[in-house]
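Shown next, in structure tokens, is the structure this report addresses.
Protein chains: 2
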Amino acid sequence: MSLVIVGSLAFDTIETPWGRREKIVGGSGTYCSLAASFFTRPKIVGVVGTDFPREIMAFFKRRRIDTRGIVVKRGKTFHWEGRYGRDPNQRTTIKTELNVFRGFKPRLPLACRKADIVFLANIDPDMHEHILSQVENPKLVVMDTIRLWIETKREALFRELKRVDIFFANDEEVKLLSGQTNLIKGGRKLLECGPSTIVLKKGEHGALVFGRDFVFGVLAHPSEDVVDPTGAGDCFAGGFLGYLDKVKRWSHREIRKAAVFGSVLASFAIEDFGIDRLKSLTDQEVEARFRQFKKLVAF
Amino acid sequence: MSLVIVGSLAFDTIETPWGRREKIVGGSGTYCSLAASFFTRPKIVGVVGTDFPREIMAFFKRRRIDTRGIVVKRGKTFHWEGRYGRDPNQRTTIKTELNVFRGFKPRLPLACRKADIVFLANIDPDMHEHILSQVENPKLVVMDTIRLWIETKREALFRELKRVDIFFANDEEVKLLSGQTNLIKGGRKLLECGPSTIVLKKGEHGALVFGRDFVFGVLAHPSEDVVDPTGAGDCFAGGFLGYLDKVKRWSHREIRKAAVFGSVLASFAIEDFGIDRLKSLTDQEVEARFRQFKKLVAF
Chain D
8 MSLVIVGSLA FDTIETPWGR REKIVGGSGT YCSLAASFFT RPKIVGVVGT
58 DFPREIMAFF KRRRIDTRGI VVKRGKTFHW EGRYGRDPNQ RTTIKTELNV
108 FRGFKPRLPL ACRKADIVFL ANIDPDMHEH ILSQVENPKL VVMDTIRLWI
158 ETKREALFRE LKRVDIFFAN DEEVKLLSGQ TNLIKGGRKL LECGPSTIVL
208 KKGEHGALVF GRDFVFGVLA HPSEDVVDPT GAGDCFAGGF LGYLDKVKRW
258 SHREIRKAAV FGSVLASFAI EDFGIDRLKS LTDQEVEARF RQFKKLVAF
Chain A
8 MSLVIVGSLA FDTIETPWGR REKIVGGSGT YCSLAASFFT RPKIVGVVGT
58 DFPREIMAFF KRRRIDTRGI VVKRGKTFHW EGRYGRDPNQ RTTIKTELNV
108 FRGFKPRLPL ACRKADIVFL ANIDPDMHEH ILSQVENPKL VVMDTIRLWI
158 ETKREALFRE LKRVDIFFAN DEEVKLLSGQ TNLIKGGRKL LECGPSTIVL
208 KKGEHGALVF GRDFVFGVLA HPSEDVVDPT GAGDCFAGGF LGYLDKVKRW
258 SHREIRKAAV FGSVLASFAI EDFGIDRLKS LTDQEVEARF RQFKKLVAF
């Protein structure tokens with residue numbers, strides 16, 4: 008199997024009540040690939056500037072992430088600056104500098120064109136068509152989005168949803184897309200737009216996974232110290248898809264376990280700034296927390 | 008065993024986006040006792056006016072609720088009027104008419120003085136002392152509260168918390184009481200104030216139960232149609248305590264199951280206005296939904 012992740016590689020400047028970090032490495036593609044690398048060898052597709060740290064590229068390779076899809080362009084890497092309040096769900100974007108990301112039209116390397124699972128991690132929906140047309144026969148097309156695209160490219164987004172198998176969205180996005188305030192109703196409505204599975208991410212409240220004939224709920228790990236929530240959703244997707252790529256079966260049973268592994272990876276990511284926690288994370292820790300999730304909900 | 012529930016019996020006027028009901032029967036004691044009656048024979052303590060419907064008293068008795076602690080006073084029953092928006096967690100109180108509830112100082116009938124479990128369902132914390140002093144040797148003291156008491160009787164509330172074993176609170180209440188925005192930290196801080204167990208109710212996101220050395224999470228039933236959220240928290244408490252009273256053991260294992268039964272009862276209550284759904288509810292439906300909760304989180 009192979010998993011291709013198309014997303015951003017970025018510098019993030021992050022302020023939380025617990026501190027501030029300037030231009031640390033982030034981006035949806037970065038978080039998602041790192042999380043997936045605990046289960047499989049993901050291929051990442053994206054663009055960086057010449058200022059992107061070599062040691063991070065080396066770290067990707069140590070984690071056995073295929074980086075041949077990363078284009079290095081003369082110029083600066085995409086830069087996002089944001090601030091979180093005491094409530095980690097409240098995020099304010101202060102600055103977005105697209106830099107080399109502007110006008111990026113990914114050309115997939117040969118190794119990515121035979122992907123089984125393609126993850127379109129929060130990118131302009133107009134780009135989806137362009138990317139998917141390069142993949143020969145994807146078995147699972149997975150998409151994430153953000154409020155920006157819902158508000159500015161609604162039609163393109165719904166057009167692309169028709170080609171999507173699994174759609175990741177948070178509660179705000181489900182409400183905006185479906186026009187429903189009840190999340191279950193909203194999720195069901197989105198199931199009529201194409202996807203066979205909706206993964207509804209609810210931050211500290213966990214996630215709900217629905218198909219037409221099943222619902223699965225996973226709690227978030229009860230974290231006392233959320234240091235930096237950036238990338239939690241991307242790590243959820245990475246753990247989820249990495250696990251599915253590893254097991255090569257997408258039964259309800261496996262989708263349930265995938266969602267728990269998504270929640271496990273997200274729970275680690277938020278324990279430190281940027282990707283710092285993922286740098287020290289071990290397979291044993293991932294397994295141990297998976298078992299904690301079992302205990303958390305057992306009755 | 009025996010469970011005594013001290014709370015309100017009320018008329019509620021409720022407006023939701025799905026309709027309006029004038030002066031239907033409600034109140035924390037009503038909801039909680041009805042929910043508990045699926046597991047045990049609760050004793051309810053409260054006050055009503057001469058306008059309180061006889062058929063509801065008869066219904067209480069049919070559900071084997073001991074109503075000898077209900078005082079009938081000349082005058083009108085407590086009346087609450089509220090409105091819910093599209094988001095069922097957003098509730099506005101329009102009117103509160105205390106009526107016969109004003110100055111109510113419950114005198115427990117003899118049958119209630121030997122209670123094993125005493126539930127103080129959202130009443131003035133100044134009243135707690137008065138009630139508890141009448142119970143000979145309670146094994147489990149359980150308390151719920153609302154924002155009003157946190158803001159107006161904070162000291163009395165913390166004083167009473169010292170005598171409480173299980174404390175029910177929603178996320179707003181935990182934040183207000185603990186001064187913490189992180190719910191897990193907030194819950195842990197409250198554990199230092201007396202209770203051995205905190206039940207953190209999160210509405211549509213379920214509940215977290217914590218003790219000093221354990222955490223259990225229960226999801227809410229994924230309800231597509233929330234008709235009237237009134238009483239959901241009281242039904243959670245009723246199901247929870249009714250089950251504990253029935254099994255007579257309060258191990259972690261039983262507390263977990265109790266929380267699921269709490270969530271089950273709450274999930275039914277919100278399916279119709281007031282107590283209407285509880286009127287038609289059967290033991291078989293309760294059992295069936297309990298099994299659904301198992302499936303919802305199994306992995």
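Read top to bottom, the protein sequences are chains D and A. What the first sequence shows, in my numbering, is residues 8 to 306, in sequence order. What the second sequence shows, in my numbering, is residues 8 to 306, in sequence order. By construction, the Cβ of each residue, glycine as well, lies at the ideal position given by its N, Cα and C atoms.
Please list the partners that Gly237 of chain A has in chain D, where partner means a Cβ-to-Cβ separation under 9 Å.
-> Residue 237 of chain A is actually Thr in this sequence, not Gly. Under the 9 Å cutoff, chain D gives no residues; its nearest Cβ is about 17 Å from Thr237 of chain A.
Whose Cβ in chain A lies nearer than 9 Å to the Cβ of Pro229 of chain D?
-> Leu190, Ile191, Gly194, Leu215, Phe217, Val222 and Gly224
For Arg93 of chain A and chain D, any beta-carbon pair shorter than 8 Å?
-> Yes, Arg93 of chain A counts as interfacial toward chain D.
Keeping to the same chain, check which residues put their C-beta closer than 6 Å to that of Pro95 of chain A; ignore five residues upstream and five downstream.
-> Val233 and Pro236
Chain D contact for Phe247 of chain A (CB, 8 Å cutoff) | no
First and last residue of the uninterrupted beta strand (DSSP E) at Thr152 of chain A = That residue, Thr152 of chain A, is in no beta strand (DSSP E); it is neither H nor E in DSSP.
Given Ser35 of chain D as reference, the closest of D:Ala295, D:Ile12 and D:Arg48 once Cα atoms are compared = D:Ile12
If the cut is a Cβ gap below 8 Å, which residues of chain A does Arg263 of chain D touch?
-> Ala305 and Phe306
Run of the alpha helix (DSSP H) containing Gly89 of chain A, from where it starts to where it stops = Bounds of any alpha helix (DSSP H) do not take in Gly89 of chain A; it lies within the beta strand (DSSP E) bounded by His86 to Tyr91.
Members of the segment 251-278 of chain D near chain A, C-beta cut-off 8 Å = Arg260, Arg263, Lys264, Ala266 and Val267
Would you mind telling me which residues of chain D sit closer than 7 Å to Val233 of chain A, beta carbon to beta carbon, in chain order?
-> Asn189
Whose C-beta lies closer than 6 Å to the C-beta of Leu127 of chain A among residues of the same chain, with five residues either side of it excluded?
-> Val13, His135 and Met150
Closest Cβ-Cβ distance between Lys2 of chain A and chain D: below 8 Å?
-> Because chain A in this structure spans residues 8 to 306, residue 2 of chain A falls outside the shown range and cannot be described.
Interface residues of chain A facing His212 of chain D [CB-CB closer than 8 Å] = Correct list: Lys209, His212 and Gly213.
DSSP state of Phe174 of chain A, grouped into three classes?
-> strand
Is there at least one non-hydrogen atom of the ligand FAD closer than 7 Å to the beta-carbon of Ser40 of chain D?
-> The ligand FAD is absent from the structure shown, which contains no ligand whatsoever.
Would you list, in sequence order, the uninterrupted alpha helix (DSSP H) runs of no fewer than 4 residues that lie entirely inside the segment 24-96 of chain A?
-> Those alpha helix (DSSP H) runs which fall completely within the segment 24-96 of chain A and span 4+ residues are 35-43 and 61-69.
In or out: Ala17 of chain A buried (at least 16 other Cβ within 10 Å) or exposed?
-> buried
Can you give the beta carbon distance from Val225 of chain D to Ala273 of chain D, rounded, assuming they're within the 8 Å contact cut?
-> Actually they are not in contact, since the Cβ atoms of Val225 of chain D and Ala273 of chain D sit about 10 Å apart, beyond 8 Å.
Please report how far the alpha carbon of Gln187 of chain D lies from the alpha carbon of Phe223 of chain D, in whole angstroms.
-> 20 Å
Do Pro24 of chain A and Arg93 of chain A have their C-beta atoms closer together than 8 Å?
-> yes
Can you grab the Cα-Cα spacing for the pair Asp48 of chain D / Arg298 of chain D, in whole Å?
-> The sequence given here places Arg at residue 48 of chain D; Asp does not occur at that position. If you take the alpha carbons of Arg48 of chain D and Arg298 of chain D, they lie about 23 Å apart.
What span of residues does the beta strand (DSSP E) with Phe223 of chain D cover, start to end?
-> For Phe223 of chain D, the enclosing beta strand (DSSP E) starts and ends at Phe221 to Val225.
Reference Lys208 of chain A; option with closest CA among A:Cys200, A:Pro202, A:Phe217 and A:Gly201 | A:Phe217
Residues of its chain near Gly201 of chain D, where Cβ-Cβ distance is below 6 Å and the 5 sequence neighbours each way are ignored | Leu168, Lys169 and Val171
Helix or strand or just coil, what does DSSP make of Phe18 of chain D?
-> strand
Would you grab the beta carbon distance between Lys50 of chain D and Ser9 of chain D for me? Rounded to a whole angstrom, and I think it's under 8 Å.
-> 6 Å
Would you mind sorting Ser15 of chain A into buried or exposed? The rule is 16 or more other CB atoms within 10 Å of its CB.
-> buried
For Asn129 of chain A and Ile153 of chain A, believed in contact at Cβ under 8 Å, the rounded distance | 5 Å
Would you decide whether Gly310 of chain D is buried or exposed? Buried here means 16 or more other CB atoms lie within 10 Å of its CB.
-> Since the first residue of chain D shown is 8 and the last is 306, residue 310 of chain D is not available in this structure.
What residue range is occupied by the uninterrupted beta strand (DSSP E) comprising Glu104 of chain A?
-> Arg98 to Glu104
Beta-carbon separation of Leu288 of chain D and Phe268 of chain D under 8 Å?
-> The answer is no: Cβ separation not under 8 Å.
Nearest candidate by alpha-carbon position, reference Phe247 of chain A, set A:Leu147, A:Ser270 and A:Tyr38 = A:Ser270
Would you check if there are 3 or more beta carbon pairs closer than 8 Å linking the segment 237-244 of chain A to the segment 28-44 of chain A?
-> yes
Would you mind stating whether Phe174 of chain A and Leu197 of chain A have Cβ atoms separated by less than 8 Å?
-> yes
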